[in-house]
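Engineer: Structure incoming, see below.
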Amino acid sequence: MPDFEVRPITAEETLSLRHAILRAGLPREMAIFPGDEAESSRHFGAFLDGKLVGVATIHFASLLDRPDFDPAYQVRGMATTPEVRGQGAGHALVEACMEAARAAGAHWIWCNARTPAVGFYTQHGFKPTTGVFDIPTAGPHMRMFRPL
Ligand SMILES: CC(C)(COP(=O)(O)OP(=O)(O)OC[C@H]1O[C@@H](n2cnc3c(N)ncnc32)[C@H](O)[C@@H]1OP(=O)(O)O)[C@@H](O)C(=O)NCCC(=O)NCCS
1 MPDFEVRPIT
11 AEETLSLRHA
21 ILRAGLPREM
31 AIFPGDEAES
41 SRHFGAFLDG
51 KLVGVATIHF
61 ASLLDRPDFD
71 PAYQVRGMAT
81 TPEVRGQGAG
91 HALVEACMEA
101 ARAAGAHWIW
111 CNARTPAVGF
121 YTQHGFKPTT
131 GVFDIPTAGP
141 HMRMFRPL
C-alpha cells in the first residue's frame with residue numbers, strides 16, 4: 001500500500017481535483033461550494049510522492065432532517081484520482097475529516113453520498129438516513145451519517 005500523506009490545504013487547492021472528478025464537463029465555478037471559505041471549514045489533500053491525488057472538505061452544517069444531532073459537520077468534495085483508488089487515500093482522507101470534526105467538538109458527521117460511493121462510506125461506519133435522491137449537478141445520492 002502506498003504511504004499517502006494527508007495534510008490541510010486551501011479551498012483553492014481542492015478545486016482542480018474536485019472539478020475534474022466531481023464536476024467534470026461543468027464550469028470550474030461549479031466546483032466551488034458555499035461555505036468553502038468559512039472559518040470553520042477544513043480542507044485536506046492526500047499526497048503521493050508530493051503529488052495531490054485526493055481531496056476532501058468538512059463544513060460545519062446541521063444534519064438537515066436531524067437537528068437533534070447538532071453539532072455536526074458535513075463531508076463534501078471527497079475525491080481521489082482513478083490511478084490511486086482502492087489503495088487507501090480515501091480512507092486516509094475520511095479519517096482526517098472525522099478527526100478534525102471531533103477536534104472541533106462535533107458529535108456527528110454526515111454526507112450526501114453518491115450512490116457508487118455508498119459502500120465506501122458504509123465501510124467507514126456511515127448509515128443511510130434517506131432513500132436515493134437526485135442532486136441536479138451530481139446525480140443520485142443518499143444522505144448518510146455516523147457518530148464521532
Ligand atoms: C469514493 C472514493 C473517494 C474512494 O476513494 P479510494 O481512494 O478508492 O478509497 P480507499 O482506497 O481508501 O478505500 C477504502 C475502502 O473502501 C472501499 N471502497 C472504496 N470505494 C468503494 C465503493 N465505491 N464501494 C464499496 N467500497 C469501496 C475500498 O475497497 C477499501 O476497502 P478495504 O479497506 O476493505 O480494502 C473514490 O472512489 C472516488 O473519488 N470516487 C469518485 C468520486 C466520488 O464518488 N466521490 C464521493 C462523492 S460522495
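In our numbering, the protein residues as written are 1 to 148. Virtual Cβ for every residue (Gly too), placed ideally from N, Cα, C.
1. Return yes when the C-beta of Thr-129 is under 8 Å from any heavy atom of ligand 1, and no when it is not.
2. Just reading off the beta strand (DSSP E) that Thr-14 is part of, what are its end residues?
3. Just to check my reading of the structure: Glu-15 and Ala-31 have Cβ atoms closer than 8 Å, yes? What is that Cβ distance to the nearest angstrom?
4. In terms of alpha-carbon separation, which member of Ala-79, Thr-115, Pro-128 lies closest to His-141?
5. For ligand 1, I want to know if Gly-88 counts as a neighbour, meaning its beta carbon is within less than 8 Å of at least one of the ligand's heavy atoms.
6. Where Ala-106 and Gly-25 are concerned, what is the direct C-alpha to C-alpha distance, given to the nearest angstrom?
7. I'd like the span of the alpha helix (DSSP H) that includes Val-55, first residue to last.
8. Identify the residues that DSSP records as bridge partners of His-141: which are they?
9. Just to check, is the beta-carbon of Gly-45 closer than 8 Å to a non-hydrogen atom of ligand 1?
Structural biologist: To lay it out plainly:
1. Residue 129 sits at position 129 when you count from the first residue of the sequence shown. Every heavy atom of ligand 1 is 8 Å or more from the Cβ of Thr-129, so no.
2. As a working mapping, residue 14 is identified with position 14 in the sequence shown. No beta strand (DSSP E) contains Thr-14, which is instead part of the alpha helix (DSSP H) from 11 to 17.
3. Position 15 of the sequence shown, counted from the start, is the residue given in the question as residue 15. Position 31 of the sequence shown, counted from the start, is the residue given in the question as residue 31. The sequence shown places Leu at residue 15, not Glu. Sure, about 5 Å apart at Cβ, within 8 Å.
4. Here residue 141 corresponds to residue number 141 of the sequence shown, with the count starting at 1. The option with the nearest alpha carbon to His-141 is Thr-115.
5. What you label residue 88 is simply residue 88 of the sequence shown in a count that begins at 1. Yes, ligand 1 has a heavy atom inside 8 Å of this Cβ.
6. As a first step, residue 106 must be located in the sequence shown, where it is residue number 106. As a first step, residue 25 must be located in the sequence shown, where it is residue number 25. Rounded to whole angstroms, Ala-106 to Gly-25 spans 35 Å at the Cα level.
7. If you number the sequence shown from 1, residue 55 lands on position 55. Under the DSSP assignment, Val-55 falls outside any alpha helix (DSSP H), being part of the beta strand (DSSP E) whose first and last residues are 51 to 60.
8. Your numbering for residue 141 matches position 141 in the sequence shown. Here His-141 is bridged, per DSSP, to Arg-114, Phe-133.
9. Numbered from 1 along the sequence shown, position 45 holds the residue referred to as residue 45. No, since every heavy atom of ligand 1 falls outside the 8 Å radius drawn around the Cβ of Gly-45.
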